[in-house]
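*Asks:*
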Amino acid sequence: MALKEIALALVALLGSAALGDALRCNCTNCEKTGYECETDGACMASTYYIQGKEQHVRICINRDNLVPPGQPFYCLSAEGLLNTHCCYLDYCNSIEVPVPTKDWSGSGSSWGPVELVAVIAGPVFLLCVLLMVGVFLFQYHQRAYSHRQRLEVEDPSCDHLYLAKDKTLQDLIYDMSTSGSGSGLPLFVQRTVARTIVLQEIIGKGRFGEVWRGKWRGGDVAVKIFSSREERSWFREAEIYQTIMLRHENILGFIAADNKDNGTWTQLWLVSDYHEHGSLFDYLNRYSVTIEGMIKLALSAASGLAHLHMEILGTQGKPGIAHRDLKSKNILVKKNGMCAIADLGLAVRHESITDTIDIAPNQRVGTKRYMAPEVLDETINMKHFDSFKCADIYALGLVYWEIARRCNAGGIHEEYQLPYYDLVPSDPSIEEMRKLVCDQKLRPNVPNWWQSYESLRVMGKIMRECWYANGAARLTALRIKKTLSQLSVEEDVKM
Ligand SMILES: *[C@@H]1O[C@H](CO)[C@@H](O)[C@H](O)[C@H]1NC(C)=O
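Here the sequence shown stands for residues -22 to -1, 1 to 473, where the numbers follow mature numbering (1 follows the signal peptide of the UniProt record, and there is no 0).
As structure tokens, this is what we get:
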């Protein structure tokens, strides 16, 4: 399993780009695969002399053997002995590397045994020294950047430092966010935390696996356990949560990702903050909310979504992220009555420099009931990142409708219902949703009596502006956040 873990670490190092094609090279000793090999590193071609014979070798060099970076040992030439060429394009090592400069094949060589020893031992000695320096530098480099890399550096001394007995998770996360990485705990700390969690009870089930409440040093944590079939989802969600600068009070706090191999299968864990209220869906089913409670929920959800959507430029910046599966079941309610957006497994990130999206977005993911009209009828422009943000806003509008119905104003409130509860069956098909939302252009009902309460009137107006058929016409998360902030001031809501 170690290989698998290294592979995972490498994929993480390379970012999602590595999920794409591997490099193909010519390979002189790969009869089985048609003298070809695949690698995540480099192609190498080398010519050298052994016992007076010219040898040609073409091989793949895996990325983890490309050390030290910039001048890998495997790519070095040694004058008179070995001529090596590394390259990074498909079949680029198909070339003939010129023979080493000094003539070793000639039988009339004037080299005596002493010179021979000197010439061979010299470069070998140099290579050894280089290797040692290189390994040292590499390890040093690794340690310095271990917090950003997913390599498994299990250094007990560092572990000790981070995990001093009296530290709580809050302390750890605080240490981490002030030490500048801003994306998550160092990997070995994540692992140590994950492996000392005691699972308590199951609190949910989903298509990916199960969610458990666990204990770590007396505090509660939530553990999402993916089935081994869902390795990609686990990896993707961990990857998104570790996006630099993602931490925000209205986005579920990520603690650790761990893949535990117990011999027969791999357990994939994602550890996060635990919120006892559970999802917004559970919360609204159980309680009605006051006007103040409604504004808190709505404003905090908008703040979380605005942060997710926002691109922050600079080295300590964050890419824009679209959620793609926003719904009341994927939003958690914190003790203080605010929301935390969760379940980022389907999210996409925007790479603004190249104006591309970091994974190939498949057409229709997410929950059918919450799909925006352009997603349902497949007219969404997937090349344009903003389209995904607009689809999120449509779903946010539906969540607002769920919240507002439960708002207790003047003694009236309605029972909890899912959006479109009165128009589609419990597990609607895409076709049913499309007819309703695209063809008939129906939307959830905004009752007239909401007009008599300023907050409900504002909420109703926001919803309508989230539900336009034309995605580009919808409000932005930032706009909604501003409108609700203003409302919270007017209504004297303490956030
Ligand atoms: C390298 O591989 C390519 C593709 O399989 C092949 O066409 C080419 O002849 C190979 N080159 C050498 C020198 O073997």
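Beta carbons are placed, not taken as given, at the ideal position from N, Cα and C, and that holds for glycine. Quantities reported herein were computed from a predicted structural model and do not represent experimental measurements.
1) Determine the extent of the alpha helix (DSSP H) in which E469 is found, giving its start and end residues.
2) Just the Cα atoms here: how many angstroms apart are S266 and Y394?
3) Quick one: what's S250 bridged to in DSSP?
4) Quick one: using the 10 Å Cβ neighbour count with 16 as the cut-off for buried, is G282 buried or exposed?
5) If you pair each beta-carbon of the stretch 375 to 394 with each one of the stretch 356 to 366, do three or more pairs fall below 8 Å?
6) When you measure from the CB of E16 to every non-hydrogen atom of ligand 1, does any distance come out below 7 Å?
7) Quick one: what does DSSP say H34 is sitting in, helix, strand or coil?
8) In this structure, how does DSSP classify K459 when only helix, strand and coil are distinguished?
9) Quick check: the stretch 240 to 253 against the stretch 202 to 215, are at least 3 beta-carbon pairs closer than 8 Å?
10) Going straight from the alpha carbon of C53 to that of N61, what length do you get?
11) For S24, is the beta carbon positioned less than 7 Å from some heavy atom of ligand 1?
12) Going by beta-carbon coordinates alone, are D251 and A216 separated by less than 8 Å?
13) If you draw a straight line from the alpha carbon of R171 to that of I218, how long is it in whole angstroms?
14) Any contact between the stretch 385 to 400 and the stretch 408 to 428? By contact I mean 3 or more CB pairs, one from each, below 8 Å.
15) Counting only the same chain and skipping the five closest in sequence on each side, list residues whose C-beta sits under 8 Å from that of G295.
16) Are D303 and T345 touching if we call contact CB-CB under 8 Å?
17) Looking at the secondary structure, which residues open and close the beta strand (DSSP E) in which L60 lies?
18) Since M441 contacts M349 with CB under 8 Å, what's their CB separation in whole angstroms?
19) If I follow the unbroken beta strand (DSSP E) through Q16, where does it start and stop?
20) To the nearest angstrom, report how far apart N308 and N426 are at their CA atoms.
21) Can you tell me whether V95 is buried or exposed? The criterion is at least 16 other CB atoms within 10 Å of its CB, across all chains shown.
22) First and last residue of the alpha helix (DSSP H) that includes L44?
23) Taking the straight line between their C-alpha atoms, what separation do you get for C368 and A284?
24) State the Cα-Cα distance for the pair Y66 and A20, rounded to the nearest angstrom.
25) Would you kindly work out how many angstroms separate the C-alpha atoms of S463 and E443, rounded to a whole number?
26) Can the beta-carbon of I39 be found closer than 8 Å to that of T17?
27) Per DSSP, what are the beta-bridge partners of K361 in this structure?
28) In this structure, does DSSP put K312 in helix, strand or coil?
29) Using the C-alpha atoms, what's the distance from C416 back to D355?
30) Note the first and the last residue of the continuous alpha helix (DSSP H) segment covering E436.
31) In terms of DSSP beta bridges, what is G292 paired with?
32) Could you pull out every residue in the same chain whose Cβ sits closer than 7 Å to the Cβ of Y69, ignoring the five residues on either side in sequence?
33) Keeping to the same chain, check which residues put their C-beta closer than 7 Å to that of L286; ignore five residues upstream and five downstream.
34) Can you tell me whether L165 is buried or exposed? The criterion is at least 16 other CB atoms within 10 Å of its CB, across all chains shown.
35) For G389, tell me which candidate among T454, W428, V377 has the shortest Cα-Cα distance.
*Replies:* According to the data block:
1) Stepping through the sequence shown from its first residue, residue 469 is reached at position 491. Neither: E469 is in no alpha helix (DSSP H) and is coded neither H nor E.
2) Position 288 of the sequence shown holds residue 266. Position 416 of the sequence shown holds residue 394. Using only the alpha carbons, I get a separation of about 8 Å.
3) By one-based count along the sequence shown, residue 250 stands at place 272. According to DSSP, S250 bridges with A200, F232.
4) Taking the sequence shown and counting its residues from 1, the one referred to as residue 282 is at position 304. Looking at its Cβ environment, which holds 16 or more other Cβ atoms inside 10 Å, G282 is buried.
5) no
6) In the sequence shown, residue 16 corresponds to position 38, counting from 1. Not under cutoff, so the answer is no.
7) For this step, residue 34 is matched to residue 56 along the sequence shown. H34: strand per DSSP, three-state reduction.
8) The residue given as residue 459 occupies position 481 in the sequence shown. If DSSP states are grouped into helix, strand and coil, K459 belongs with the helices.
9) yes
10) Residue 53 sits at position 75 when you count from the first residue of the sequence shown. Residue 61 sits at position 83 when you count from the first residue of the sequence shown. So the alpha carbons of these two residues sit roughly 9 Å apart.
11) Translated into the one-based positions of the sequence shown, residue 24 becomes position 46. No; taking the cut-off as 7 Å, the Cβ of S24 has no heavy atom of ligand 1 nearer than that.
12) Taking the sequence shown and counting its residues from 1, the one referred to as residue 251 is at position 273. Taking the sequence shown and counting its residues from 1, the one referred to as residue 216 is at position 238. Taking 8 Å as the Cβ cut-off, D251 and A216 do not qualify as a contacting pair.
13) Translated into the one-based positions of the sequence shown, residue 171 becomes position 193. Translated into the one-based positions of the sequence shown, residue 218 becomes position 240. Before going on, a small fix: residue 171 reads as Val here, not Arg. For V171 and I218, the distance between alpha carbons rounds to 20 Å.
14) yes
15) For the purposes of this step, residue 295 is taken as residue 317 along the sequence shown, with counting starting at 1. I222, M223, E289, listed in sequence order.
16) Position 325 of the sequence shown, counting from 1, holds the residue named residue 303. Position 367 of the sequence shown, counting from 1, holds the residue named residue 345. Yes, the pair counts as a contact, with Cβ atoms nearer than the cut-off.
17) Here residue 60 refers to the residue found at position 82 of the sequence shown. Per DSSP, L60 belongs to the beta strand (DSSP E) from 60 to 65.
18) Position 463 of the sequence shown holds residue 441. Position 371 of the sequence shown holds residue 349. Between M349 and M441 the Cβ distance is about 16 Å, and since that is not below 8 Å, they are no contact.
19) In the sequence shown, residue 16 corresponds to position 38, counting from 1. This sequence places Glu at residue 16; Gln is not what is there. Residues 14 to 17.
20) Looking up residue 308 in the sequence shown gives position 330. Looking up residue 426 in the sequence shown gives position 448. If you take the alpha carbons of N308 and N426, they lie about 29 Å apart.
21) Counting from 1 along the sequence shown, the entry for residue 95 is found at position 117. With fewer than 16 Cβ atoms within 10 Å of its Cβ, V95 is classed as exposed.
22) As a first step, residue 44 is located in the sequence shown; it is residue number 66 there, counting from the start. Unbroken run through L44: none, as it is neither H nor E.
23) As a first step, residue 368 must be located in the sequence shown, where it is residue number 390. As a first step, residue 284 must be located in the sequence shown, where it is residue number 306. Taking the straight line from one Cα to the other gives about 12 Å.
24) As a position in the sequence shown, residue 66 is number 88, starting the count at 1. As a position in the sequence shown, residue 20 is number 42, starting the count at 1. For Y66 and A20, the distance between alpha carbons rounds to 5 Å.
25) Translated into positions along the sequence shown, residue 463 becomes position 485. Translated into positions along the sequence shown, residue 443 becomes position 465. Cα to Cα, S463 sits roughly 17 Å from E443.
26) As a first step, residue 39 must be located in the sequence shown, where it is residue number 61. As a first step, residue 17 must be located in the sequence shown, where it is residue number 39. Yes.
27) Reading the sequence shown from its first residue, position 383 is the one you call residue 361. K361 pairs with nothing; no bridge assigned.
28) For the purposes of this step, residue 312 is taken as the residue at position 334 of the sequence shown. If DSSP states are grouped into helix, strand and coil, K312 belongs with coil.
29) Numbered from 1 along the sequence shown, position 377 holds the residue referred to as residue 355. Numbered from 1 along the sequence shown, position 438 holds the residue referred to as residue 416. Cα to Cα, the separation comes out at about 7 Å.
30) Residue mapping note: residue 436 aligns to position 458 of the sequence shown, counting from 1. Reading off the sequence, residue 436 comes out as Val, not Glu. First-last of the alpha helix (DSSP H) with V436: 432 to 444.
31) What you label residue 292 is simply residue 314 of the sequence shown in a count that begins at 1. Looking at the DSSP assignment, G292 forms no beta bridge with any residue, so it has no partner.
32) As a working note, residue 69 is residue 91 in the sequence shown. Closer than 7 Å at the Cβ level, and outside the excluded window around Y69, lie R2, C3, N4.
33) Counting from 1 along the sequence shown, the entry for residue 286 is found at position 308. These residues qualify, in order along the chain: I229, I299, H301, I319.
34) Counting from 1 along the sequence shown, the entry for residue 165 is found at position 187. Buried.
35) The sequence position of residue 389 within the sequence shown is 411, counting from 1. Residue W428 is the option with its Cα nearest to G389.
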